[in-house]
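All remarks here apply to the structure that follows.
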Amino acid sequence: MTEGPDRQPPFRYHLELTPAQLKITHTALRSLLDDFGHDEPEVRVIIQEVLAKLPDEHAIRAIQLQGGPIKALKQPDGGDDEPSPAAA
């Protein structure tokens, strides 16, 4: 797209992410890319364009999420996904 007096360049977002947020974003995009089949090539192209803007796979793997593995989230009813110690 060319710029001119009547044409505005496309709006670009600036997004600041922590390393953990970056890792989660990269993982989510890779998963999304794997879910789209050959019938949606335009979506695959956009996902690949975004992934190309992120650090490479090696750099993403080096990011450590604080606290180790993500713990199970509490359910709205107060329970959680993990069985209680008494059930084990």
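Residue numbers 39 to 126, in our numbering, belong to the letters of the sequence shown in order.
C-beta atoms are modelled at their ideal positions from N, C-alpha and C, and glycine is treated no differently.
The structure presented is a predicted model; accordingly, all values stated were derived computationally and were not measured.
Query: If you run the structure through DSSP and keep just helix, strand and coil, what is Asp73?; Result: helix
Query: So the alpha helix (DSSP H) His96 belongs to, where does it begin and stop?; Result: 95-100
Query: Which of helix, strand or coil does DSSP assign to Thr56?; Result: coil
Query: I believe Leu103 touches Lys61 by the beta-carbon criterion, under 8 Å. Please report the beta-carbon distance rounded to the nearest angstrom.; Result: 7 Å
Query: Measuring only the C-alpha atoms, how far is Pro57 from Leu67?; Result: 15 Å
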